[in-house]
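Residue numbering for the sequence shown follows this note's numbering, beginning at 10 and increasing consecutively.
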Amino acid sequence: MAEPRYETIRSETADGVATITLDRPDVLNAMNDAMRRELTRCFADLSGDDDVRVVVVTGAGERAFSAGADIREFVEPLVPVRFREQRRRLDFRQVMDRCPQPIIAAIRGYALGGGLELALACDIRIASEDAQLGLTEVNLAIIPGGGGTQRLPRLVGRGKALEMILTGARLPAGEALRIGLVERVVPPAEVLPAAMQLARTLADKAPVALRYAKEAVVKGLPLPLADGLRLEGDLSTLLRTTEDRLEGARAFLEKRRPRWQGQ
Ligand code: COA
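This is the structure in structure tokens:
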């Protein structure tokens, strides 16, 4: 099937892995309105595509994942009507939250403001040794509006998140790794290969198990422990009814690779 056409991003799917590339390298992949709309559409399409097992998000060029919101759009005053429209509109990060597939961020260079918020909405983050990450909005007299004030403290804790958000400072990759903001740091040229290798590893797993594993963790996190355990119990019981569970056990006993049916 032909890949959908976009102006500000690229989306390619091969062997169960969809790669979304933010594609405005001249402005360090800054996010304009068109990119936000295209990301929303793209994630909505991929979410409903059973052939897509894993999504990788990356930035074009070597300098940036994304330098955040396109600041050139800031010089137009935001009239109240447009503001209300924006609040009603489904945001790509909300679509990502409902995305059943694991999403991996491959971060080279800068991930600032909305760029870091996009990475925070991903499930696993791999960064280059020269990456710099920050919620820099306060330097422009605004605050993170794409989930940053909520997702960052959940990941790195209240104190570190407030330090980052209030100072607007950029953290080097090593520090980001130390505080749990990224899961892995690798040399720049290895960021995308490492993300693709991880994606392929995940894409090889039984599809329904992969989805339910993500659902159990993501939906369980905000719940009280007892409710989270109940959710886990329900999902794991459901998985015991699949053909793939039998296939997994048989393949193990017969010492061969499993052939997943996705049911
Ligand atoms: N919006 C629009 N354009 C941006 C941008 C953004 N967020 N970030 C970078 N650019 C553009 C620059 O204007 C420049 O364009 P030009 O070549 O037409 O002048 C180009 O990208 C390269 O950036 P430049 O600033 O020259 O590179 P640098 O190496 O000196 O600095 C950064 C890199 C990322 C430190 C710097 O660009 C920066 O601070 N950007 C803004 C980051 C930010 O505050 N994001 C949050 C927005 S809420």
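The beta-carbon is built from N, C-alpha and C at its ideal position, and this holds for glycine as well.
Original post:
CB of residue 36 to nearest heavy atom of ligand 1: below 7 Å?
Top reply: For ligand 1, at least one heavy atom lies less than 7 Å from the Cβ of residue 36.
Original post:
Where DSSP assigns a beta bridge to residue 119, which residues make up the other side?
Top reply: Residue 119 is bridged to 73, 141.
Original post:
Taking Cβ positions, are residue 33 and residue 49 nearer each other than 8 Å?
Top reply: Inclusion of residue 33 and residue 49 in the CB contact set at 8 Å is not warranted, their separation being larger than that value.
**OP:** Give me the Cα-Cα distance between residue 149 and residue 79, rounded to the nearest whole angstrom.
**Re:** Each residue's Cα considered, the two are about 12 Å apart.
**OP:** Entirely within the region 200-272 and at least 4 residues each: give me those alpha helix (DSSP H) ranges in chain order.
**Re:** Counting whole runs of 4 or more residues, the region 200-272 contains the alpha helix (DSSP H) stretches 200-212, 216-229, 234-248, 252-262.
Subject >> Beta-carbon proximity of residue 101 to residue 160, cut-off 8 Å >> reply: No, they are not a contact pair.
**OP:** Please indicate yes or no: does the CB of residue 145 lie closer than 7 Å to some heavy atom of ligand 1?
**Re:** Of the heavy atoms belonging to ligand 1, at least one sits nearer than 7 Å to the Cβ of residue 145.
**OP:** Would you be able to state if there are at least three C-beta pairs under 8 Å between the region 187-202 and the region 131-140?
**Re:** Output reads yes: the region 187-202 touches the region 131-140.
Subject >> Local conformation of residue 127 per DSSP, three classes >> reply: Assigned with DSSP and collapsed to three states, residue 127 falls in helix.
**OP:** May I have the straight-line CA-CA distance separating residue 23 from residue 132, to the nearest angstrom?
**Re:** Within the model, the alpha-carbon separation for residue 23 versus residue 132 is close to 20 Å.
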